[in-house]
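For reference, the structure discussed in these notes is given below.
Residue numbers (our numbering): 855 to 981.
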C-alpha cells in the first residue's frame, strides 16, 4: 500500500475548512468558515482563501501557498503560538499593527492539529 502525503496548499486549506465548518461539537459549534474565494490560486506569499470566525468575530484568515496553508490569527495570538508549538506546528509572529501569529500547516495530517489550535483560541476567547 502506498501512502500519499498531501502537501498541496489548496487541498490542505480545503481539509481545514471541512474540519472547522463540518463539526458541530464543543468549541467548534460557533466556528464558521466565511468569505471563501473559490477561485484563489496559491502564491509564494500566500493568497487569502477564507476567514475563520467565532460567534461572527473574525479570529483568523487562511492563506494558501503552493506547498502549505497558513492560519493568520488576529485574536488569541499568544494561545495560538503556544498551542501550535506544543503540537509541533511551525509558528512565527507577524510584526503588524495589531500583531498576528502565523501557524503553518504543511501537510493534510496537520489540519487536525490546526483545528486543535483554533479550538484553543476559541476557548481562550470565551473565558
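Every residue, glycine too, gets a C-beta built ideally from N, C-alpha and C.
Own chain residues within Cβ distance below 6 angstroms of residue 894, not counting five before or after: 901, 903
Strand pairing of residue 887, partner residues [DSSP]: 906
Validate contact between the region 933 to 943 and the region 880 to 898 using beta carbons, cut 8 angstroms, 3 pairs: no
Terminal residues of the beta strand (DSSP E) in which residue 898 lies: Segment: none, residue 898 is in no beta strand (DSSP E) and carries neither H nor E.
C-beta contact flag for residue 873 and residue 966 at 8 angstroms: yes
Contact under 8 angstroms by Cβ, residue 870 with residue 955: no
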